[in-house]
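Student: Top to bottom, those sequences are chains A and B.
The opening position of the first sequence corresponds to residue 670 in our numbering, with each subsequent residue numbered one higher.
The opening position of the second sequence corresponds to residue 670 in our numbering, with each subsequent residue numbered one higher.
Note that the Cβ used here is the ideal one computed from N, Cα and C, for glycine as well.
The structure's right below; bear with me while I get my questions together.
There are 2 protein chains.
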Amino acid sequence: MSLLDTKNLMQGISLDCVIFGFHNNDLRVLLLELKNIKLCALPGGFIANDEDVDLAASRVLQNRTGMTDIFLQQFYLFGKVSRNVPGHADRLVREKLIGKDLYSFFNRRYVTIGYYALVEYTKVNPLPDEISVKCDWYNINDLPGLILDHREIILQAHETLKSHLNFKPIGIKLLPAKFTLRDIQSLYETILSKKLDRRNFRRKILGFNILNALQERRTGLAQRPAQLYKFNLSQYNRALHEGLNQGW
Amino acid sequence: MSLLDTKNLMQGISLDCVIFGFHNNDLRVLLLELKNIKLCALPGGFIANDEDVDLAASRVLQNRTGMTDIFLQQFYLFGKVSRNVPGHADRLVREKLIGKDLYSFFNRRYVTIGYYALVEYTKVNPLPDEISVKCDWYNINDLPGLILDHREIILQAHETLKSHLNFKPIGIKLLPAKFTLRDIQSLYETILSKKLDRRNFRRKILGFNILNALQERRTGLAQRPAQLYKFNLSQYNRALHEGLNQGW
DNA sequence: TCAAAAGTGTTGAGGTTACACCCATGC
DNA sequence: GCATGGGTGTAACCTCAACACTTTTGA
Chain A
670 MSLLDTKNLM QGISLDCVIF GFHNNDLRVL LLELKNIKLC ALPGGFIAND EDVDLAASRV
730 LQNRTGMTDI FLQQFYLFGK VSRNVPGHAD RLVREKLIGK DLYSFFNRRY VTIGYYALVE
790 YTKVNPLPDE ISVKCDWYNI NDLPGLILDH REIILQAHET LKSHLNFKPI GIKLLPAKFT
850 LRDIQSLYET ILSKKLDRRN FRRKILGFNI LNALQERRTG LAQRPAQLYK FNLSQYNRAL
910 HEGLNQGW
Chain B
670 MSLLDTKNLM QGISLDCVIF GFHNNDLRVL LLELKNIKLC ALPGGFIAND EDVDLAASRV
730 LQNRTGMTDI FLQQFYLFGK VSRNVPGHAD RLVREKLIGK DLYSFFNRRY VTIGYYALVE
790 YTKVNPLPDE ISVKCDWYNI NDLPGLILDH REIILQAHET LKSHLNFKPI GIKLLPAKFT
850 LRDIQSLYET ILSKKLDRRN FRRKILGFNI LNALQERRTG LAQRPAQLYK FNLSQYNRAL
910 HEGLNQGW
């Protein structure tokens, strides 16, 4: 637990990252399987006194995925008193997840800042932290038991992601560099948990002007080869900034 | 400063409320004019250890406006280190805004949770708190000097409010009980800082089905009397919950 | 030649934009 | 009667949903 020099950390505030990946048409989240406890937890951490909160989130993310330059966004502060379970810190000490010296740091009321991140599944090499035995992906529709209110945090992150689909381009961090329209449609369908009309989807997504067709096709399948695309980075960023559907 | 029993407060976390009101076609925010310092500040406060964060925000709001049942929404956690100005706590003590006993509570790094609220201007009786001489409304386009990053917080609240206009019904807390379509259009125009076509606006807002026409008109003006409306509470709440423009 | 998915186009409904005209009132 | 803003209608346009057919490949 050398990383936890608690004197330099803000007290009573934590952050938790809901890290989304996309693989085999599954929307997955990266979770830690805790030592000695049959429960999972979101990758999270604390904020150093001299550290921007966004930077702390980015550090946590980097430690668990090995990746930098990740789409990362604060989405909610969970501030209910009831999210703190009496005896939680005791349990952490009893199960030897943390040392007794950290008991007083953990045994207090916490609010936590929820971040969600979008990462390219294949590029991630999940790394467990000091209090977990495994770091792995779980299907969002088949989540394991989770500590505290982490399940609620994940569900709320998912809702936020869904609503962001309407205003922001999404996918540059969730898809490989080259992809077909079917790939990106599957991503949207997975996030939204519903089927979209293939022809209308193509028209709409191409209309956003954030894709560039490549001089390449995906061959090897017993079907007509599909056009490959990549994101147009500058257009994508412009769309991120300006939004896609302005009302009023 | 009897209210600040700092032992019971979370440390390093504050909250600030951007309270919007609408009057004379102005979008205004409620600000405190600080004692001895020629700067204003957002109404804000701290969170008791046994208090939900939302409840703390609601308490602050009630103390400044005398109102309960206010639309109040968390919109961002401001977590940059740079928002803490060195010497700020010293200044508060020097200018006698706080006692020396509170110095150590204030002299630390803070993150603050931004809330925005919508209130009916005429119903508010602004009350200064212990560290201010006045609590008053300021036009959002003509803000006075503000401490710390409070100006940025206000601007971001305004951006959030603008974007919420596209998905959520707004107005029930900003307008009097009876209002004309012109009134609500002015509200929208003011929030968005742009003119809307009167005829199209009427069609659109009526199409939301959140208004009920009254058997009353606004008379006394040298023009055709305008139909008065009130919000249909149940429809309004349904729209709040379901959103107005669902994409995808 | 067959299965499978890619690629393309059209039509109708509904919503949005940009307009012009008449109406009711106080002065 | 006249200035002022309220109330209504409509045509052009755009977007979106629903849908059918042809194309290209590997097996």
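In chain order, what residues of the stretch 702-732 of chain B put their CB closer than 7 Å to some CB of chain A?
Tutor: For the stretch 702-732 of chain B, which is checked against every Cβ of chain A, the residues closer than 7 Å are Asn718, Asp719, Glu720, Asp721, Val722, Asp723.
Student: Any beta carbon from chain B within less than 9 Å of A:Ser862's own beta carbon?
Tutor: Residue numbering aside, residue 862 of chain A sits at position 193 when the first sequence is read from its first letter. Output row for A:Ser862: interface = no.
Student: Quick check on DSSP: helix, strand or coil for B:Tyr779?
Tutor: Within the second sequence, numbered from 1, the residue matching residue 779 of chain B stands at position 110. It is coil, neither helix nor strand.
Student: Quick check on the burial criterion: 16 or more other C-beta atoms within 10 angstroms. Buried or exposed for B:Leu856?
Tutor: Position 187 of the second sequence, counted from the start, is the residue given in the question as residue 856 of chain B. Per the 10 Å Cβ criterion, buried.
Student: With three or more C-beta pairs closer than 8 Å as the rule, is the stretch 713-725 of chain A touching the stretch 833-840 of chain A?
Tutor: Taking 8 Å as the limit for Cβ pairs, the verdict is that the stretch 713-725 of chain A does not touch the stretch 833-840 of chain A.
Student: Looking at the secondary structure, which residues open and close the beta strand (DSSP E) in which B:Phe689 lies?
Tutor: Stepping through the second sequence from its first residue, residue 689 of chain B is reached at position 20. First-last of the beta strand (DSSP E) with B:Phe689: 678-692.
Student: On the CB-based measure, 16 or more other CB atoms within 10 Å of its CB, does A:Arg733 come out buried or exposed?
Tutor: Working through the first sequence from its first residue, we reach residue 733 of chain A at position 64. So A:Arg733 counts as buried.
Student: Say whether chain B places a C-beta atom closer than 9 Å to the C-beta of A:Leu830.
Tutor: Here residue 830 of chain A corresponds to residue number 161 of the first sequence, with the count starting at 1. False, the Cβ-Cβ gap to chain B never drops below 9 Å.
Student: For the stretch 799-808 of chain B against the stretch 736-756 of chain B, do three or more pairs of beta-carbon atoms, one drawn from each stretch, fall closer than 8 Å, so that the two count as touching?
Tutor: Output reads no: the stretch 736-756 of chain B does not touch the stretch 799-808 of chain B.
Student: Could you list the residues in the stretch 736-750 of chain B with a C-beta less than 8 Å from some C-beta on chain A, going in chain order?
Tutor: Residues passing the 8 Å Cβ filter: Gln743, Tyr745, Leu746, Gly748, Lys749, Val750.
Student: Below 8 Å, can you find three or more Cβ-Cβ pairs linking the stretch 708-716 of chain A to the stretch 685-695 of chain A?
Tutor: Yes: at least three Cβ pairs fall under 8 Å.
Student: Got a sec: is the Cβ-Cβ distance from A:Ser671 to anything in chain B below 9 Å?
Tutor: As a working mapping, residue 671 of chain A is identified with position 2 in the first sequence. For A:Ser671, the predicted structure reports a pLDDT of 42, less than 50, and the residue's modelled location is therefore unreliable. A value from the coordinates is still provided. With 9 Å as the cut-off, A:Ser671 does not count as an interface residue toward chain B.
Student: Name the chain B residues that come within less than 8 Å of A:Ile682, Cβ to Cβ?
Tutor: The residue labelled residue 682 of chain A in the question sits at position 13 within the first sequence. Correct list: Gly681, Ile682, Val780.
Student: Quick one: is B:Ala726 buried, meaning 16 or more other Cβ sit within 10 Å of its Cβ, or exposed?
Tutor: Counted from its first residue, the second sequence places residue 726 of chain B at position 57. By the neighbour-count rule (16 or more Cβ atoms within 10 Å), B:Ala726 is buried.
Student: Quick one: what's got a C-beta closer than 8 Å to B:Leu746's C-beta in the same chain, skipping five residues either side?
Tutor: Position 77 of the second sequence, counted from the start, is the residue given in the question as residue 746 of chain B. Closer than 8 Å at the Cβ level, and outside the excluded window around B:Leu746, lie Val780, Thr781, Ile782, Gly783.
Student: With a threshold of 9 Å between beta-carbons, can B:Arg777 be considered close to chain A, or not?
Tutor: Counting from one through the second sequence, the residue named residue 777 of chain B turns up at place 108. Yes, contact with chain A.
Student: DSSP state of A:Asp759, grouped into three classes?
Tutor: Here residue 759 of chain A corresponds to residue number 90 of the first sequence, with the count starting at 1. Looking at A:Asp759 - three-state DSSP - the assignment turns out to be helix.
Student: Spatial neighbours of A:Gln904 within its chain, please: CB distance less than 6 Å, with the 5 preceding and 5 following residues excluded, ordered by chain position.
Tutor: Stepping through the first sequence from its first residue, residue 904 of chain A is reached at position 235. Cβ within range, chain order: Asn878, Ile879.
Student: Classify A:Ile841 as helix, strand or coil using the three-state DSSP reduction.
Tutor: The count along the first sequence starts at 1 and reaches residue 841 of chain A at position 172. Correct three-state label for A:Ile841: coil.
Student: Are the beta-carbon atoms belonging to A:Tyr790 and A:Leu850 less than 9 Å from one another?
Tutor: For the purposes of this step, residue 790 of chain A is taken as residue 121 along the first sequence, with counting starting at 1. For the purposes of this step, residue 850 of chain A is taken as residue 181 along the first sequence, with counting starting at 1. Cβ atoms of A:Tyr790 and A:Leu850: not closer than 9 Å.
Student: Taking the DSSP output, what are the residues bridged to A:Gln742?
Tutor: Here residue 742 of chain A is taken as the residue at index 73 of the first sequence, counted from 1. Per DSSP, A:Tyr785.
Student: If B:Ile839 sits next to B:Leu787, beta carbons under 8 Å apart, how far is it from one beta carbon to the other, in whole angstroms?
Tutor: Here residue 839 of chain B refers to the residue found at position 170 when the second sequence is read from its first residue. Here residue 787 of chain B refers to the residue found at position 118 when the second sequence is read from its first residue. Correct: roughly 7 Å between the Cβ atoms.
Student: Please report how far the alpha carbon of B:Gly735 lies from the alpha carbon of A:His910, in whole angstroms.
Tutor: Locating residue 735 of chain B in the second sequence gives position 66, counting from the first residue. Locating residue 910 of chain A in the first sequence gives position 241, counting from the first residue. Approximately 39 Å, taken between the alpha carbons.
Student: Figure out for me which residue from A:Leu890, A:Arg893, A:Asn881 has the closest Cα to the Cα of A:Phe900.
Tutor: As a position in the first sequence, residue 900 of chain A is number 231, starting the count at 1. The candidate whose alpha carbon is nearest that of A:Phe900 is A:Asn881.
Student: Given A:Leu708, which residues of its chain have a CB within under 7 Å of its CB, disregarding the five upstream and five downstream residues?
Tutor: As a working note, residue 708 of chain A is residue 39 in the first sequence. If we look at A:Leu708 and ignore the five residues flanking it on each side, its Cβ neighbours are Gly814, Leu815, Ile816.
Student: Should B:Asn906 be flagged as near chain A, meaning a C-beta pair shorter than 9 Å?
Tutor: Your numbering for residue 906 of chain B matches position 237 in the second sequence. For B:Asn906, the answer is no, since every Cβ of chain A falls outside 9 Å of its Cβ.
Student: Just how far apart, CA to CA, sit B:Ala908 and B:Asn776?
Tutor: In the second sequence, the residue the question calls residue 908 of chain B occupies position 239. In the second sequence, the residue the question calls residue 776 of chain B occupies position 107. If I take the Cα positions, the gap works out to 44 Å.
Student: Under a three-way DSSP split, which group does B:Ser671 fall into?
Tutor: The residue given as residue 671 of chain B occupies position 2 in the second sequence. For B:Ser671, the predicted structure reports a pLDDT of 41, less than 50, and the residue's modelled location is therefore unreliable. A value from the coordinates is still provided. Coil at B:Ser671, not helix or strand.
Student: Return the chain-ordered list of same chain residues with a C-beta closer than 7 Å to the C-beta of B:Lys837, the five sequence neighbours on each side being excluded.
Tutor: Numbered from 1 along the second sequence, position 168 holds the residue referred to as residue 837 of chain B. Here the set comprises Leu909, Gly912, Leu913.
Student: Hey, out of B:Ile767, B:Gly876, B:Gly748, B:Asp798, whose CA is closest to B:Arg641's CA?
Tutor: Because chain B here runs from 670 to 917, residue 641 of chain B falls outside it and cannot be looked at.
Student: My understanding is that B:Phe691 touches B:Thr829, with C-beta atoms under 8 Å, so please give their C-beta distance in whole angstroms.
Tutor: Position 22 of the second sequence, counted from the first residue, corresponds to residue 691 of chain B. Position 160 of the second sequence, counted from the first residue, corresponds to residue 829 of chain B. Going by Cβ atoms, the distance from B:Phe691 to B:Thr829 rounds to 16 Å, so no, they are not a contact pair.
Student: Just verifying my parser: in three-state terms, what is the DSSP assignment at B:Ile879?
Tutor: Residue mapping note: residue 879 of chain B aligns to position 210 of the second sequence, counting from 1. Looking at B:Ile879 - three-state DSSP - the assignment turns out to be coil, as it is neither helix nor strand.
Student: Suppose contacts are defined by Cβ-Cβ distances below 9 Å. Is A:Arg867 in contact with A:Gln854 by that definition?
Tutor: To locate residue 867 of chain A, count along the first sequence from 1; it is residue 198. To locate residue 854 of chain A, count along the first sequence from 1; it is residue 185. Cβ distance < 9 Å, so A:Arg867 and A:Gln854 count as in contact.
Student: Quick check: the Cα distance between B:Gly756 and B:Leu701, rounded to an integer number of angstroms?
Tutor: Along the second sequence, read from residue 1 onward, the residue named residue 756 of chain B stands at position 87. Along the second sequence, read from residue 1 onward, the residue named residue 701 of chain B stands at position 32. Each residue's alpha carbon lies about 21 Å from the other.
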